[in-house]
Amino acid sequence: MTGYPVLSTLIFAPVVGAVALLFMPRANVRETRLAALSVSFLVFLLSIPLWTEFREGTAALQFVENRAWVPALGITWSLGLDGLSMPLALLTTFLTPICILASWSIQDRVKEYMAAFLLLEAAMLGTFAAQDLLLFYVCWEAMLIPMFLIIGVWGGRRRIYAALKFFIFTVVGSLPMFIAILYLYFQSGATSFDLASIREALRASPLALDVSRVCFVAFAVAFAVKVPVWPLHTWLPDAHVEAPTAGSVILAGVLLKMGTYGLLRFAIPLFPEAAAHYAPVMIALAVIGIIYGSLMCLAQEDMKKLIAYSSVAHLGFCVLGMFAFSEKALQGAVLQMINHGISTGALFLCVGVLYERRHTRLLEDFGGIARVVPAFSAVLIIVTLSSIGLPGTNGFVGEFLILLGAFETQPLAAILATSGVVLGAVYMLWMVQRVLFGKIVHEENEALGDLRGREWATLLPLLVLIFFIGLAPNVLLSRMEPTLTKLVQDVRDSARVSAPPSEEER
Amino acid sequence: MNDAARCLTILPFLCLAGFLINGILGRRLGRSAGTLVGVAAALGSFLCALPVAREVFTTGVSVHAPLWTWIETAGLTVNFAFVADRLSVVMLLVVTGVGTLIHLYSAGYMSHDRSVPRYFAYLNLFMFSMLVLILADNLLVLFVGWEGVGLCSYLLIGFWYEDPEKALAGRKAFIVNRIGDFGFVLGMFGLFVVFGSLDFTAIQQNLLTAQDRLQAPVPFLNITTVTAITLALFFGATGKSAQIPLYTWLPDAMAGPTPVSALIHAATMVTSGLYMICRLSHLFVLSPATMGVIAGVGAATALFAALIGLAQTDIKKVLAYSTVSQLGFMFLAMGVGAFSAGFFHVVTHAFFKALLFLGAGSVIHGMSGEQDMRRMGGLRGKLPATFATMLVGTIAIAGIPPLAGFFSKDEIVWRAWSSPQGLILGTMALLSSALTSFYMFRLVAMTFLGQPRGSAEVHSHAHESPWTMVLPLAILAILSAGAGFLNVPEVLHGSAWFSAWLAPVLGTFKPAAAAAAGDHHAAEMGLMVVSTLIAFAGSGLALWIYVKNPGLPAAFVQRSAAMGQMYALVRDRFYIDEAYDRVIVRPVKVIAVILWTFVDVLLIDMFVNLIALVAEVISEAARRIQDGAVGTYAVWFLAGAMLVLGFVVWSGVAA
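Chains A and B, in that order, give the protein sequences.
Each residue of the first sequence is one higher than the last, beginning at -15 in my numbering.
Each residue of the second sequence is one higher than the last, beginning at 79 in my numbering.
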């Protein structure tokens, strides 16, 4: 264990960096970028102990910090990570420098942009680390503001519409959760908003069945918007299309995971019985999302929209894995959250590479460019294969575990979801073909330049992870396993969800 | 770890290294260095396979090479491990041996291409994936290879991607295979639920204990689950091994370079489905229903594809349908429980079909890219070596003794005939045999015999291929001629060595075993004579028509309208592709667009936009945020936080 409050350091370092950036002279654009990159890279370095010092084999919280914050109101500065949140926190610190490096093309108000990104990072880390419901809520809402600005200020033509849509969906969605948090605090008689103490209090005096179900729904809706679960997904394509490249990367990479993370951290453990009760609904929505999202991809002409809808399908797999209440499926779901961050992040970077050169993302504006940009084409193909879950890449392990686990508890849903794997290949290869193959029909594409050093720097780390996780997923799985096993056990114990046959029963 | 195990460990990775070198440094290496790396990697893996083969063939014991634990979580353990046993060692020699020859051939065939290093990179990656597939010691690692070969097939079919048709054919192959994978994956899930493991040895062990105790110690092990699992797996096999209903990608796959067609789409990858069934034969034999389906699909595919092969004029298309048909034969064998016979046909077919494809490639090469047999003819003198070797391949595939195809195919026909549904299956097999002999000799006649029908210029430039291409043809011709003697049946006083060698690792199908028991030597002998006569008749008829009376087919077709329509139906492959397109592909696209415009954009978003209308007032304020300095953002941030806190305080007071 580290001797200093590592999590607080990680949360405040980007804030300090952001404030410092604001004092830099506006003319020094280059220096501002480098400074932002250094700060985010430093944060990444600071986060490495989260991995190296993490104790395997326990579901307990680690790197715990617990301080009174607003004692009068029972709000605590309570932080900690476990096998669920640690990989996500690392994903955040890993993707942020990549996003900043991918933002070199931002010319306008550079320091504000960079500051917004660093503040976003702080809020994301806070959201993953928070062990106090109110602290979580503050960080959750705090993420909204920089993201809203990144889309609304530095976005495309319809940025205001997209930013507002994003904002309204999320705010409206999370208000019921806020009320439920307050209700829980006052009703349970807990001494603070600290998650552990609220769970303790709930165990001592459980909520009435229907009340806990209402609370679950209030939480679940807030998180489902973020995931996004069908039919709450329509903000996502617009947000992605209008957001700058890095905004899309972080949106797909981390922000969507807030939804699935919230379900796993709060909605399910706080109301296990309700979670089991509503599992069929969630699974049905997940399966609809997988198939519906895949079909949507077939109707898209804008690459970013296509990838956005593919996210709806991919996150559908995660939700299926979470509500199948099987250890394997849950392991797969969390792994797939990481994988989606890597693969879809890389896909958006690839689209960004094209956009910077041609200022268009329409499929029909490309075609045949494999000949002029061979390196880019190879990268795009690898990332695509990872996205459609080819064995050897990260996507396969996640999808396989989800579907295998779900098959044990929810065979019908698993079978339907597996058909989504076929559709995934259809739309992704369709995209690749229309961009890379055939003859060049637009003269402008003849002069397209291949990947540059900075672009390699953003893509290469992701490529390495695609294969590393694909070939040695155990490194991650073993760290996640105790936490996730306990989560599934808790649900089973309290809700008596039928368990798949254990080894002994065979 | 002894030498054999060490060789087994490194041999697939030689090909992977070849892929990485050519893939990453390709453009710096250039053509000749790239070729050298590619061929050396394949040859190296073949040389490494030799000690492994010696070890297995002398001791009969498997060689194991564990690598690392791939997935270990929540009761699922999957090791990345290779094993060379009696079954995989045969496949290992075929893949590395034929693979090396085709790499060598490619050095000549592709020498004028713009992206030679990329070609060899893909080809080496294919070898690597194929080796993973055959050496895997569990189903999931097999699936890694299974998908890997599919990927390489996709990349190589679309190798000349600037032609949209070719890129499309590659994508079609991948997607049709994915549809098959749907079944494969579900079968795998079922297997895991039943056996709690995906290891071949563990599954087999479980099955043996179940049989020993005459009751199922495994709770879900019953005839229904086994049938469901094996049918799902077989559906996966129909994708990779191009059977009805998923065969349509293979003829289109001919868009790839011809050596690729020889290696991937004839000799190795397309037999993966059969290999998988052999690997799990102990499981498949438990379900007579599945076995019946396999036999039926195999026989139907064999006949159907042979029929289409009759009317094709593209030399590669004929061979493609021939491959589909021959694979059907192999499935028929599996379905009647003749696993070793089916697998023997996998091996001999790898030799003669690779030979035929490479020969066709040599013709195409010599004819400056011409593939239409209607513009060939009379090439016998121009390409003597190609003609001679292709003739050997044709005699072999036609089932004329004593070449390899005779022994392997005859065993299948006999086993089909002596199965419970023998009359139907056996007749279908004999009919397909006759058609095979006919369309193959038609191919030889149209290409090499008679008068030149193409442009005089192309014909005069036609030339024999360089030694790198002829040498593989010669070696494969020798193998096609001689390999049959590995499995001479007892009725011909042979020892059936190949069947005996594989027997310990293959399952026994009870109904078939019962039917085959007893003294049927006279019947077997009789059938052998009949099928040989049929092969001769088919070839004789083809030669008589296409050499002596080349005008006959056209006259035959023009005799009546019905005849013409029937011919068109066969020539246009029974419009199966068009039907799939109308019934599946287009509706899915239409549904996607309808859902998007009506549900997503109209229905859901209309609701949202209603809310947004209210928010438009706020947008005025938001626009101001945009123009403001950072201070404004901070104020907003603080205001938000204050709002939250205020609410808390208020609720606290209220409570």
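C-beta atoms are modelled at their ideal positions from N, C-alpha and C, and glycine is treated no differently.
Residue j and residue i - do their beta-carbons sit closer together than 8 Å?
i: P544 of chain B; j: G186 of chain B; result: yes
i: G562 of chain B; j: P480 of chain B; result: yes
i: L74 of chain A; j: W138 of chain A; result: no
i: L269 of chain B; j: I281 of chain B; result: yes
i: C540 of chain B; j: L457 of chain B; result: Here the sequence assigns Ala to residue 540 of chain B, which means Cys is not the residue at that position. In this structure, L457 of chain B lies closer than 8 Å to A540 of chain B by Cβ.
i: V198 of chain A; j: E311 of chain A; result: no
i: A390 of chain A; j: A297 of chain A; result: no
i: I475 of chain B; j: T505 of chain B; result: no
i: G329 of chain A; j: E226 of chain A; result: no
i: A378 of chain B; j: V648 of chain B; result: no
i: L109 of chain A; j: S62 of chain A; result: no
i: A152 of chain B; j: T111 of chain A; result: no
i: N284 of chain B; j: F273 of chain B; result: yes
i: V213 of chain A; j: G157 of chain A; result: no
i: V522 of chain B; j: T472 of chain B; result: yes
Can you list the residues of chain A that residue i reaches, using a CB-CB cut of under 9 Å?
i: W327 of chain B; result: Within chain A, no residue comes near W327 of chain B; the closest Cβ sits about 13 Å away, beyond 9 Å.
On the criterion of 16 or more Cβ atoms from any shown chain inside 10 Å, does residue i qualify as buried, or is it exposed?
i: L229 of chain B; result: buried
i: S123 of chain B; result: buried
i: E602 of chain B; result: buried
i: S573 of chain B; result: exposed
i: F417 of chain B; result: buried
i: G709 of chain B; result: Note that G709 of chain B has pLDDT 48, beneath the 50 cutoff, so the model's placement of it is unreliable and no number is given.
i: P485 of chain A; result: Unreliable placement is indicated for P485 of chain A, whose pLDDT of 47 sits below 50; the coordinate value is still reported in the next sentence. The residue in question, P485 of chain A, is exposed, as its Cβ has fewer than 16 Cβ neighbours within 10 Å.
i: R345 of chain A; result: buried
i: W575 of chain B; result: exposed
i: L292 of chain B; result: For L292 of chain B, the predicted model reports a pLDDT of 48, less than 50, meaning its position is unreliable; a value from the coordinates is still stated below. When all chains shown are included, L292 of chain B counts as exposed.
i: M306 of chain A; result: buried
i: F421 of chain A; result: buried
i: Y653 of chain B; result: exposed
i: V0 of chain A; result: exposed
i: D92 of chain A; result: exposed
i: S756 of chain B; result: The structure shown does not extend to residue 756 of chain B, since chain B is modelled only from 79 through 733, so no value can be given for it.
List the residues of chain A that residue i touches, going by C-beta distances under 7 Å, in chain order.
i: D683 of chain B; result: T218
i: F485 of chain B; result: By Cβ distance, chain A contributes nothing, its closest Cβ being about 37 Å from F485 of chain B, past 7 Å.
Can you pull the chain B residues whose beta carbon is under 7 Å from the beta carbon of residue i, in chain order?
i: L458 of chain A; result: Reading off the sequence, residue 458 of chain A comes out as Asn, not Leu. Going along chain B in sequence order, the residues near N458 of chain A (Cβ under 7 Å) are T147, I149 and E150.
i: P55 of chain A; result: Going along chain B, no residue has its Cβ under 7 Å from P55 of chain A, so there is no contact; the nearest lies around 13 Å.
Starting from residue i, find everything on chain B with Cβ-Cβ shorter than 9 Å and list it in chain order.
i: Y276 of chain A; result: L673, V677 and D678
i: V405 of chain A; result: R256, D259, F260 and V263
i: E285 of chain A; result: Correct list: empty, because the minimum Cβ distance to chain B is about 11 Å.
Can you pull the chain A residues whose beta carbon is under 8 Å from the beta carbon of residue i, in chain order?
i: L154 of chain B; result: K312, L385 and L388
i: F97 of chain B; result: The premise fails here: F97 of chain B is roughly 12 Å from chain A at the closest Cβ pair, so nothing lies under 8 Å.
Taking Cβ-Cβ distances shorter than 8 Å, what residues in chain B pair up with residue i?
i: M280 of chain A; result: A670, L673, W674 and D678
>> For the structure I just gave you, are there three or more beta carbon pairs, one from the region 446 to 466 of chain B and one from the region 352 to 360 of chain B, closer than 8 Å?
In response: With a cut-off of 8 Å, the region 352 to 360 of chain B and the region 446 to 466 of chain B do not count as touching, because too few Cβ pairs lie within range.
> Pairing CB atoms from the region 120 to 138 of chain A with CB atoms from the region 185 to 194 of chain A, are three or more of them under 8 Å?
Replying inline: No, they do not touch.
> What residues from the region 221 to 253 of chain B come within 9 Å of chain A, judged by C-beta to C-beta, listed N to C?
Replying inline: Listed in sequence order: F221, V222, G223, W224, E225, G226, G228, L229, Y232, L233, G236, Y239, E240, D241, P242, K244, A245, L246, G248, R249, F252 and I253.
> In chain order, what residues of the region 346 to 358 of chain A put their CB closer than 7 Å to some CB of chain B?
Replying inline: So the list reads G352, A354 and R355, given in the order they occur along the chain.
> Hey, is the region 295 to 305 of chain A in contact with the region 262 to 274 of chain A, meaning 3+ C-beta pairs nearer than 8 Å?
Replying inline: Three or more Cβ pairs drawn from the region 295 to 305 of chain A and the region 262 to 274 of chain A lie within less than 8 Å of each other, which places the two stretches in contact.
> Any chance the region 362 to 377 of chain A sits against the region 215 to 229 of chain B, with 3 or more Cβ pairs inside 8 Å?
Replying inline: With contact defined as three or more Cβ pairs closer than 8 Å, the region 362 to 377 of chain A and the region 215 to 229 of chain B are in contact.
> Quick check: the region 333 to 341 of chain A against the region 411 to 418 of chain A, are there 3 or more CB pairs under 8 Å?
Replying inline: Counting Cβ pairs under 8 Å, fewer than three are found: no touch.
> Taking any Cβ of chain A, which residues in the region 347 to 361 of chain B have a Cβ under 8 Å from it, in chain order?
Replying inline: Of all residues in the region 347 to 361 of chain B, none has a Cβ within less than 8 Å of some Cβ in chain A.
> Between the region 653 to 674 of chain B and chain A, which residues of the former have a C-beta closer than 9 Å to a C-beta of the latter?
Replying inline: Under the 9 Å Cβ criterion, the region 653 to 674 of chain B contributes V666, K667, I669, A670, V671, I672, L673 and W674.
> Of the residues that make up the region 134 to 152 of chain A, which ones have a beta carbon closer than 7 Å to any beta carbon in chain B?
Replying inline: Flagged, chain order: G136, V137, I144, L148, K149 and I152.
>> If contact is defined by three or more beta carbon pairs under 8 Å, each pair taking one atom from either stretch, is the region 509 to 523 of chain B in contact with the region 634 to 645 of chain B?
In response: Contact annotation: the region 634 to 645 of chain B does not touch the region 509 to 523 of chain B, with fewer than three C-beta pairs closer than 8 Å.
> Are the region 45 to 56 of chain A and the region 160 to 167 of chain A in contact at 8 Å, needing three or more beta carbon pairs?
Replying inline: Contact between the region 45 to 56 of chain A and the region 160 to 167 of chain A is absent, because fewer than three Cβ pairs lie under 8 Å.
> Hey, is the region 326 to 346 of chain B in contact with the region 231 to 245 of chain B, meaning 3+ C-beta pairs nearer than 8 Å?
Replying inline: Segments in contact, yes.
> Name the residues in the region 420 to 431 of chain B whose C-beta lies less than 8 Å from a C-beta of chain A; which are they?
Replying inline: Taken residue by residue, none of the region 420 to 431 of chain B has a beta-carbon sitting less than 8 Å from a beta-carbon on chain A.
> Given 8 Å as the limit, is there contact between the region 124 to 134 of chain B and the region 104 to 113 of chain B, that is, 3 or more CB pairs closer than that?
Replying inline: Put simply, the region 124 to 134 of chain B does not touch the region 104 to 113 of chain B. Fewer than three CB pairs are less than 8 Å apart.
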